[in-house]
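**Q** Before I ask anything, let me first share the structure, which is written out below as structure tokens.
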Amino acid sequence: MFSAGSLTSIQAANELPELMEYQDTKLTLNGQGTRVIMFLKIYESGLYLNSANSNADEIIGQDSAMGIRLDVVSSILTADSMKKAINEGFVKSTKDNTQPITDQISQFMATLHQAIEVGDVYEFIYLPESGVDVLRNSELLDTIAGLEFKKAFFGIWLSDNPVQKSLKKAMLGN
């Protein structure tokens, strides 16, 4: 989620749960990896889907339940740095066309106001009937509606210009 240099391959330090259960939805871990900045592990990230899929474009475009989990493993990640990185991710994911989802991005950014601590778990779960539910340590912070927002959000990690190529590859199970 940052633009600084990164390693090309890092093994995940912590194993994420194989299942993400939320409301009446059960999703399976598709792949996981570690976000690294300047050789520092920042967070573990996992992609959860209904069934295994390694096609990023297909996943981004799907209007079906899916989730991303971030387990914070470094104290250098702050709310401000996360907001900045997410905003940069939206710009990259949308190829600098964030205008159609400006309101949703602002709504999402408002969920990132609390101090971030090592051990915090963020879950971003897309449900077609409602949108992306944003959870911090299992507490629902907000729901951001819209398939276009979901596409841009998941694109932060899975687009042609992801936050970290090795993390994208790992989340796709490759």
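Residue 293 is where the sequence shown ends in our numbering, and the numbering goes up by one at each step. Heads up, the beta-carbon is just placed ideally off N, CA and C, and yes, glycines get one too.
Round the Cβ separation of Lys-270 and Ile-179 to the nearest angstrom and send it over; I've been treating them as touching at under 8 Å.
**A** Indeed, because the Cβ distance is near 5 Å, the residues count as touching under 8 Å.
**Q** Could you name the residues that DSSP lists as bridge partners for Glu-163?
**A** Answer is Thr-153 and Asp-190, bridged to Glu-163.
**Q** Suppose you measure from the CA of Arg-154 to the CA of Glu-248; what does that come to, to the nearest Å?
**A** Going from the Cα of Arg-154 to the Cα of Glu-248 covers about 30 Å.
**Q** Can you check which of these residues, Ser-200, Val-251, Asp-222 and Ser-193, is closest to Glu-236 by C-alpha distance?
**A** The shortest C-alpha separation from Glu-236 is found at Ser-193.
**Q** Kindly give me the distance between the Cβ atoms of Leu-277 and Gly-150, rounded to whole angstroms, as I take these residues to be in contact under 8 Å.
**A** Between Gly-150 and Leu-277 the Cβ distance is about 11 Å, and since that is not below 8 Å, they are no contact.
**Q** How many Å lie between Phe-159 and Ser-285 at the Cα?
**A** Looking at the sequence itself, residue 159 is Leu, so the reference to Phe does not match. Taking the straight line joining both Cα atoms gives about 14 Å.
**Q** By DSSP, does Gly-208 sit in helix, in strand, or in coil?
**A** Three-state result, Gly-208: helix.
**Q** For Ile-195, which three-state DSSP category applies?
**A** Coil at Ile-195, not helix or strand.
**Q** DSSP beta-bridge partners for Met-139?
**A** Looking at the DSSP assignment, Met-139 forms a beta bridge with Leu-146.
**Q** Can you tell me which residues form a DSSP beta bridge with Glu-248?
**A** None, per the DSSP bridge assignment.
**Q** Where Ser-164 and Gly-186 are concerned, what is the direct C-alpha to C-alpha distance, given to the nearest angstrom?
**A** In a straight line, the C-alpha of Ser-164 is about 10 Å away from that of Gly-186.
**Q** Can you find at least 3 beta carbon pairs, one from the region 130-146 and one from the region 196-205, that sit closer than 8 Å?
**A** With a cut-off of 8 Å, the region 196-205 and the region 130-146 do not count as touching, because too few Cβ pairs lie within range.
**Q** For Tyr-245, which residues in the same chain have their Cβ closer than 6 Å to its Cβ, ignoring the five residues on either side in sequence?
**A** Taken in chain order, the residues that qualify are Met-185, Val-251 and Lys-269.
**Q** Taking the alpha-carbon positions, what's the Asp-279 to Gly-152 distance?
**A** Between Asp-279 and Gly-152, the C-alpha separation is close to 17 Å.
**Q** Suppose you measure from the CA of Ile-161 to the CA of Pro-219; what does that come to, to the nearest Å?
**A** Distance between the alpha carbons of Ile-161 and Pro-219 is about 30 Å.
**Q** DSSP puts Thr-262 in a beta bridge; with which residues?
**A** Answer is Asp-252.
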